[in-house]
Structures are given as structure tokens and as C-alpha cells.
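The block underneath contains the structure these notes are about, expressed in C-alpha cells.
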């Protein structure tokens with residue numbers, strides 16, 4: 005048996021674990037993608053220049069992850085979310101990403117379709 009102890013991580017310890025995994029993953033990647041990282045954030049504004057929706061995402065290595073997709077309640081079901089996602093997918097293709105990820109609760113986006121690869 006091992007003599008190890010499991011404990012809740014401090015913020016510093018969590019950062020250490022994250023950094024070590026990123027270092028390992030980067031060592032397995034080709035040089036052309038290992039330093040690729042950028043935030044890609046888009047919004048939609050109404051005629052009064054007010055933000056009615058937005059998407060916050062991160063491109064890292066060869067994947068793009070959508071962290072936040074939000075549409076104002078008064079503007080939902082009008083296609084704004086789909087429009088933002090289609091633009092993010094277009095950017096991902098242009099940047100030659102091979103993966104795209106969107107996390108959501110089932111109540112947040114019923115009927116929302118991703119068209120990547122369509």
C-alpha cells in the first residue's frame with residue numbers, strides 16, 4: 005500500500021497541478037501549435053449600439069472552447085445565439101481547429117443545434 009494523503013488543494017497547489025499538465029501536454033505537441041492561445045470574444049448589438057448577446061471563447065492549440073454564450077432574454081429565439089455560434093465555428097475552421105467544445109446545462113439551450121462539420 006502507498007502511504008499517500010489526499011487533501012483539498014490550495015489555489016497555489018491547483019495552479020501548480022494545472023501548470024504541470026499544460027507543460028506535459030505542450031511537450032507532446034508540434035511546434036506550430038504549441039504556443040497557440042487567444043481569446044475570441046464576439047457580441048451582437050442592437051440599433052442603439054446596446055449589447056444584446058455575446059460569446060466568450062478561447063482558442064488553445066488546435067481546439068476552440070466556448071466558455072460563455074449569452075443572449076438577452078428579450079432577444080432569445082430570434083437566431084442570435086445560432087448566428088454567434090456559426091461565426092465562432094467559421095473562425096475555428098479558418099484557424100484550422102480540429103475540435104470545438106460548448107458546455108451547457110440542458111435547460112439553457114433546448115433545441116440549439118451545432119452545425120460544425122455541416
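In this note's numbering, the protein residues as written are 5 to 122. We put the CB at the ideal spot given by N, CA and C, even for glycine.
Considering only 85, 43, 45, the residue with the shortest C-alpha distance to residue 75 is 85. Residue 6 carries a coil assignment under DSSP once its states are collapsed to helix, strand and coil.
For the 8 angstroms CB-CB criterion, residue 65 and residue 104 do not form a contact. When rounded, the separation of the alpha-carbon atoms in residue 60 and residue 29 is 24 angstroms. In the structure shown, the three-state DSSP call for residue 99 is coil.
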